[in-house]
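Report on the following structure.
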Amino acid sequence: MPEMPEIETLARQLRAAVVGKRITGVYLSGMALRRPIASTFAARLRGRTIRKIRRCGKYLLVELEPGALWVIHLGMSGRILAGSPPKSRDRHTHAIVQFSDSTCLEYRDPRRFGLLAAYETLKPGQIPEIRELGKDPLSPGFSGRWLRPLLQNSGREIKSFLLDQHKVAGLGNIYVCESLFHARIHPARRCSTLTLEETDRLVRAIRYVLRLAIRNRGTSFSDFMDSDGRPGEYQNCLKVFQRERQKCVRCKAPIRRMRQGNRSSFYCAHCQK
DNA sequence: GCATTACCCTGAAAGC
DNA sequence: TGCTTTCAGGGTAATG
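What follows is the structure, given as structure tokens:
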């Protein structure tokens, strides 16, 4: 399940692999992803050159020249592979973008929760999915000072708040669980009850967890692989996620699991208050 | 604004 | 062994 560290890993690899390449062809499976791929998609990519690759939350933004943006979201199970054109087409391959040097990018997504779109603009602010994103946790503005008033004005549970991409862009279930553990905050705590010190701790925990995860090229369970087809390694660093009934690394109490808004939360009831 | 629920989808795991 | 059911989850939309 690709979250921000996995997307950041991909973005870094793709910058090295495809920036400067000219798109000569686009194959589409014709199957809908989260929503159908627009009929204009292939034409907007074809003939353009990749100028830059950016990440916004869990989205990849591929800047094209002349000015256009190719927007990619991997959903739950999306993968992007860079290299030679595949000899046989995987049944979950939904797009292949070919370059003038005979290499290509292949988009696979078994569950089809992802998104591929192209816009005739270079301004992310004109793209609905991007415009509505909250603050990126690794951006300079992500601080206790910024977060504090938002939390004070919210009666929601902190887990739900942190998963809300309109508030904080890039966190998913894994890194919210891990960040709350590091910050020693219970996932069901109401936002407005967090103290100033806890808010600062949470900000530090989120940034620590994300940076460590990026250094480990993300987390791989069954789905995520980087663009070379290699799994990430942050799953070896997980303290609570998918560790139900195992001992807490801090206090040895068993890790618990609870349901919050149809998602699993993993936490230590002894350490996290 | 927020909680809840349903939906999209497939593969893995569990249950029989 | 093989079939069926359940579960997982990111984002969105409808509803209350």
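In the working numbering, the protein residues as written are -5 to 267. Here a beta-carbon is modelled for each residue, glycine too, at the ideal position from N, C-alpha and C. Note that the structure is a prediction, hence the values are computed from the model and not measured.
{"Check": "Which of helix, strand or coil DSSP assigns to Gly77", "Outcome": "strand"}
{"Check": "Proximity of Leu196 and Gln266 at Cβ, strictly below 8 angstroms", "Outcome": "no"}
{"Check": "Assigned secondary structure, Gly138 (DSSP; H/G/I helix, E/B strand, else coil)", "Outcome": "helix"}
{"Check": "Other residues of its chain near Gln146: CB distance less than 6 angstroms, five sequence neighbours each side excluded", "Outcome": "Ser186"}
{"Check": "Which listed residue (Arg102, Leu144, Ile200 and Gly41) has its alpha carbon closest to that of Ser71", "Outcome": "Arg102"}
{"Check": "Which residues DSSP lists as bridging Ile66, in chain order", "Outcome": "Leu54 and Leu110"}
{"Check": "Contacting residues, own chain, Cβ-Cβ under 6 angstroms from Leu188 (five flanking each side not counted)", "Outcome": "Leu145"}
{"Check": "Whether Glu0 touches Gly212 by CB criterion (8 angstroms)", "Outcome": "yes"}
{"Check": "Own chain residues within Cβ distance below 7 angstroms of Glu(-3), not counting five before or after", "Outcome": "Lys52, Gly164, Leu165, Gly166, Ile168 and Tyr169"}
{"Check": "Spatial distance of Ala207 from Arg48 (CA atoms)", "Outcome": "18 angstroms"}
{"Check": "Alpha-carbon to alpha-carbon, Pro30 and Gly108", "Outcome": "10 angstroms"}
{"Check": "Contact the region 108 to 127 vs the region 14 to 32: 3+ CB pairs below 8 angstroms", "Outcome": "yes"}
{"Check": "Beta carbon of Leu204 nearer than 8 angstroms to that of Gln159", "Outcome": "no"}
{"Check": "8 angstroms Cβ cutoff met for Lys153 and Ser259", "Outcome": "yes"}
{"Check": "Coarse secondary structure for Lys153, derived from DSSP in three states", "Outcome": "helix"}
{"Check": "Minimum C-alpha distance to Ser94 - residue among Trp140, Gly19 and Glu172", "Outcome": "Gly19"}
{"Check": "Beta-carbon spacing of Ala5, Leu54 below 8 angstroms", "Outcome": "yes"}
{"Check": "Proximity of Glu238 and Arg224 at Cβ, strictly below 8 angstroms", "Outcome": "no"}
{"Check": "Within 8 angstroms, strictly: CB atoms of Ile44 and Gly14", "Outcome": "yes"}
{"Check": "Assigned secondary structure, Ala207 (DSSP; H/G/I helix, E/B strand, else coil)", "Outcome": "helix"}
{"Check": "Range of the contiguous beta strand (DSSP E) that encloses Tyr21", "Outcome": "Ile17 to Leu22"}
{"Check": "Nearest candidate by alpha-carbon position, reference Arg73, set Pro104, Asn230, Cys231 and Pro79", "Outcome": "Pro104"}
{"Check": "Of the residues Trp140, Cys231 and Gln229, the one placed nearest Leu190, counting alpha carbons only", "Outcome": "Trp140"}
{"Check": "Proximity of Ser23 and His88 at Cβ, strictly below 8 angstroms", "Outcome": "yes"}
{"Check": "Val243 to Asn230 span [Cα, whole Å]", "Outcome": "13 angstroms"}
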